[in-house]
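Peer 1: Please find one structure pasted underneath; my questions will follow.
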Amino acid sequence: MSTEAQAMSADWGGGVFPYRVGHRKLGMWLFIVSDSLTFSALLIGYSYLRASNNWPTPFPFNPSIIFSSVMTACLLSSSLTMVFGVSASAKGNRSAARKWIVATILLGLAFVVLHLFEWKHLIDEGLRPFFLPAEWVERFTTADGVPPSPLFGGTFFAITGMHMFHVFTGTIYLSVVAARAKKLKHEDIEISGLYWHFVDLVWMFVFPLIYIMSVDPTH
Amino acid sequence: MKKEAKVLNIICVAAVIVLLGFAAFNAVTTGSFLSTDNLFLTTMCLMLALMFAVNPLVTLHAAGKLPWPLKKEVAVADIAEGGSTADMTTMDEPEEVHFAGTNKLFMFIWLWLIVFTAVEIFLGYKPMRVHFMLTILLGLSVIKAALIIAYFMHLKFERLSLILTLVPMTVICIILLFVFFPDSFRSSELRYKYKEPPPVQKTETPEEP
Chain R
22 MSTEAQAMSA DWGGGVFPYR VGHRKLGMWL FIVSDSLTFS ALLIGYSYLR ASNNWPTPFP
82 FNPSIIFSSV MTACLLSSSL TMVFGVSASA KGNRSAARKW IVATILLGLA FVVLHLFEWK
142 HLIDEGLRPF FLPAEWVERF TTADGVPPSP LFGGTFFAIT GMHMFHVFTG TIYLSVVAAR
202 AKKLKHEDIE ISGLYWHFVD LVWMFVFPLI YIMSVDPTH
Chain G
63 MKKEAKVLNI ICVAAVIVLL GFAAFNAVTT GSFLSTDNLF LTTMCLMLAL MFAVNPLVTL
123 HAAGKLPWPL KKEVAVADIA EGGSTADMTT MDEPEEVHFA GTNKLFMFIW LWLIVFTAVE
183 IFLGYKPMRV HFMLTILLGL SVIKAALIIA YFMHLKFERL SLILTLVPMT VICIILLFVF
243 FPDSFRSSEL RYKYKEPPPV QKTETPEEP
């Protein structure tokens, strides 16, 4: 048998894990792929609406862009602490892994809290899922008389809310992993890391498309 | 070759022939080939044919009937690796834990992610056309996503087969969703625009003779 055939049957000849990963990890990868398709559908639906409607661009630098930038930094740093945690676990140091995972949870909770503050700013201004604040309607109606789409609220709350739900659920998942860090296998800690990085990944797309594309350059 | 492998190969080759035949039939019988529908259909047929062709091609390659210089080096490395991960032959949890990547590398990646984010925020305030802004933002986001997936999620250090199973499919599915955008542009042109005052009810005053 040629070396290629040997390599192939070593991988696919049976008796080994497909792709050389365990079933739990493969399951998490497949879940991540399916969830990323869900978020893609949401974001592309949002993009469709933006392309076909007059869309308001109301986010002022203070507080919206400042808050959302700090949130992005929080989430990126939480990904870093998570990767440190998984690395520590790989080296066998479970207590260090636990500390890094707790840091990840704290940064994730900071994200959620800041995001809820952001929501409060917008809701106080009068934004609702199907209504815009009167001031925005006035400001963003075009010279032709086309009013801005009230779907801004719906898409904003739906997409960021869905993401926030993932972050919050992720913090609960990570708390369980941190609490049981010494009893779990390394693979399970790695798997929780995969989920957390996925949550960060989604934000990498949500932030530019929802926040940066709706920046108010005059404020 | 085992019987099942033979049957699988026959099915795959039959599928390739049917798909290519359908694509050709469509190309010949259609009025205008260069329409969105036709191009879409042709692309889908070709893509599916390619997917079905993978198994027969790999079988031919394993039998040595297909020259592919690059694959040889990977295979040699695989064999060397295959020996060391012998514990993978049992269905238990693999004891050998390999986690490639130093903390320094991860910090470096994190730094680049922060830099790209700062660039995006900065660009948000630069006046430019929407298409330009969107392309740059999405381009940067894809790079950030690729960095996270490859290094933080560790996919770069996994088997190539896993990467090839997960990534192309997801990318293609997401790109398929883009098929809706021409409709959004059509829809935006349909919007009723006030070019003159809205029509007013005519009053019933009689005219002077």
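So the sequence lines, in the order shown, correspond to chains R and G. Quick note on numbering: the first sequence equals residues 22 to 240 in my numbering. Quick note on numbering: the second sequence equals residues 63 to 271 in my numbering. Even for Gly, the Cβ is constructed at its ideal location relative to N, Cα and C. Computed from a predicted structure; not experimentally measured.
To the nearest angstrom, how far is the alpha carbon of R/Arg41 from that of G/Pro118?
Peer 2: Rounded to the nearest angstrom, the two C-alpha atoms are 23 Å apart.
Peer 1: Do you know how far the Cα of R/Val223 is from the Cα of G/Ala86?
Peer 2: Spanning the two alpha carbons is a distance of roughly 40 Å.
Peer 1: Consult DSSP for R/Arg160 and reduce its assignment to one of helix, strand or coil.
Peer 2: Looking at R/Arg160 - three-state DSSP - the assignment turns out to be helix.
Peer 1: Any beta carbon of chain R sitting closer than 8 Å to that of G/Ala137?
Peer 2: Interpretation of G/Ala137 is limited by its pLDDT of 41, a score under 50 that renders its predicted location unreliable; no figure is taken from the coordinates.
Peer 1: At a Cβ cut of 7 Å, what residues of the stretch 127-138 of chain R count as close to chain G, listed as they run along the chain?
Peer 2: Under the 7 Å Cβ criterion, the stretch 127-138 of chain R contributes no residue.
Peer 1: By a C-beta neighbour count over all protein chains shown, 10 Å radius and 16 as the cutoff for buried, is G/Leu112 buried or exposed?
Peer 2: Exposed.
Peer 1: Quick one: what does DSSP say R/Val107 is sitting in, helix, strand or coil?
Peer 2: Three-state DSSP puts R/Val107 in a helix.
Peer 1: Counting only Cβ pairs nearer than 8 Å, list the residues of chain R close to G/Ala67.
Peer 2: Result: empty, since nearest Cβ-Cβ is about 11 Å, beyond 8 Å.
Peer 1: Taking any Cβ of chain G, which residues in the stretch 38-54 of chain R have a Cβ under 7 Å from it, in chain order?
Peer 2: The stretch 38-54 of chain R vs chain G, Cβ under 7 Å: Phe38, Tyr40, Arg41, Val42, Gly43, Trp50, Val54.
Peer 1: Shorter than 8 Å from the beta carbon of G/Gly144 to some beta carbon of chain R?
Peer 2: For G/Gly144, the predicted model reports a pLDDT of 40, less than 50, meaning its position is unreliable; a value from the coordinates is still stated below. By this cut-off, G/Gly144 is an interface position.
Peer 1: Three or more beta-carbon pairs under 8 Å between the stretch 143-152 of chain R and the stretch 225-233 of chain R, yes or no?
Peer 2: No, because fewer than three Cβ pairs between the stretch 143-152 of chain R and the stretch 225-233 of chain R fall closer than 8 Å, the two stretches do not touch.
Peer 1: Rounded to whole angstroms, what's the CA-CA distance from G/Phe219 to R/Pro171? Just pull it up for me.
Peer 2: Going by the C-alpha atoms only, they are around 46 Å apart.
Peer 1: What is the residue span of the alpha helix (DSSP H) that R/Asn83 lies within?
Peer 2: Where R/Asn83 is concerned, there is no enclosing alpha helix (DSSP H), given that its DSSP letter is neither H nor E.
Peer 1: Using the Cα positions of G/Arg248 and R/Tyr67, report the straight-line distance between them to the nearest angstrom.
Peer 2: Taking the straight line from one Cα to the other gives about 16 Å.
Peer 1: Let me confirm a value: G/Phe114 is counted as buried when at least 16 other C-beta atoms fall within 10 Å, else exposed. Which label applies?
Peer 2: Buried.
Peer 1: Output, in sequence order along the chain, the residues in the stretch 201-218 of chain G whose CB is closer than 9 Å to any CB in chain R.
Peer 2: Hits within the stretch, in order: Leu202, Ser203, Val204, Lys206, Ala207, Ile210, Ile211, Tyr213, Phe214, Met215, His216, Leu217.
Peer 1: Return the chain-ordered list of same chain residues with a C-beta closer than 8 Å to the C-beta of R/Arg45, the five sequence neighbours on each side being excluded.
Peer 2: Contacts found: Glu208, Asp209, Ile212.
Peer 1: Find the residues of chain R that neighbour G/Ile176, judging by a C-beta separation of less than 9 Å, and give them in chain order.
Peer 2: Neighbours of G/Ile176 on chain R, chain order: Thr93, Ala94, Leu97, Ser98.
Peer 1: By the criterion of Cβ-Cβ separation under 9 Å, what are the contact partners of G/Ile72 in chain R?
Peer 2: The contacting residues do not exist; G/Ile72 stays about 19 Å from chain R at best.
Peer 1: According to a CB-to-CB cut-off of less than 8 Å, which residues of the stretch 208-223 of chain R neighbour chain G?
Peer 2: Listed in sequence order: Glu208, Glu211, Gly214, Leu215, His218, Phe219, Asp221, Leu222.
Peer 1: Using the beta-carbon of each residue, which ones in chain R are nearer than 8 Å to G/Met169?
Peer 2: Residues of chain R passing the Cβ test: Leu101.
Peer 1: So which residues of chain G does R/Pro168 contact, with C-beta pairs closer than 9 Å?
Peer 2: Going along chain G, no residue has its Cβ under 9 Å from R/Pro168, so there is no contact; the nearest lies around 11 Å.
Peer 1: Are the C-beta atoms of G/Arg191 and some chain R residue less than 8 Å apart?
Peer 2: Chain R, which has no Cβ nearer than 8 Å to the Cβ of G/Arg191, makes this no.
Peer 1: Determine whether the beta carbon atoms of R/Ile53 and R/Phe219 lie at a separation below 8 Å.
Peer 2: It is a contact, given that the beta carbons lie within the stated cut-off.
Peer 1: Alpha carbon to alpha carbon, what distance is there between G/Leu185 and G/Arg191?
Peer 2: Going from the Cα of G/Arg191 to the Cα of G/Leu185 covers about 12 Å.
Peer 1: Which residues, taken in chain order from the stretch 80-112 of chain G, show a beta carbon closer than 8 Å to some beta carbon of chain R?
Peer 2: Against chain R - using a Cβ distance shorter than 8 Å - the stretch 80-112 of chain G contributes no residues.
Peer 1: For G/Lys172 and R/Leu101, which I take to be in contact (beta-carbon distance under 8 Å), what is that distance rounded to the nearest angstrom?
Peer 2: Looking at the sequence provided, one finds Trp at residue 172 of chain G rather than Lys. So it is a contact: roughly 4 Å between Cβ atoms.
Peer 1: Can you list, in chain order, the residues of its chain whose CB lies under 8 Å from that of R/Leu128, leaving out five sequence neighbours each side?
Peer 2: Counting only Cβ-Cβ distances below 8 Å, and skipping sequence neighbours, we find Cys95, Leu96, Ser98, Ser99, Thr102.
Peer 1: Does any CB atom of chain G fall closer than 8 Å to the CB of R/Ser90?
Peer 2: With 8 Å as the cut-off, R/Ser90 counts as an interface residue toward chain G.
Peer 1: For G/Leu119, decide whether its Cβ has a neighbour in chain R, counting only Cβ atoms nearer than 8 Å.
Peer 2: Taking Cβ atoms only, chain R never reaches closer than 8 Å to G/Leu119, which makes this a no.
Peer 1: Residues of chain R with CB closer than 8 Å to the CB of G/Phe247, please, in chain order.
Peer 2: The contacting residues are Ala72, Ser73.
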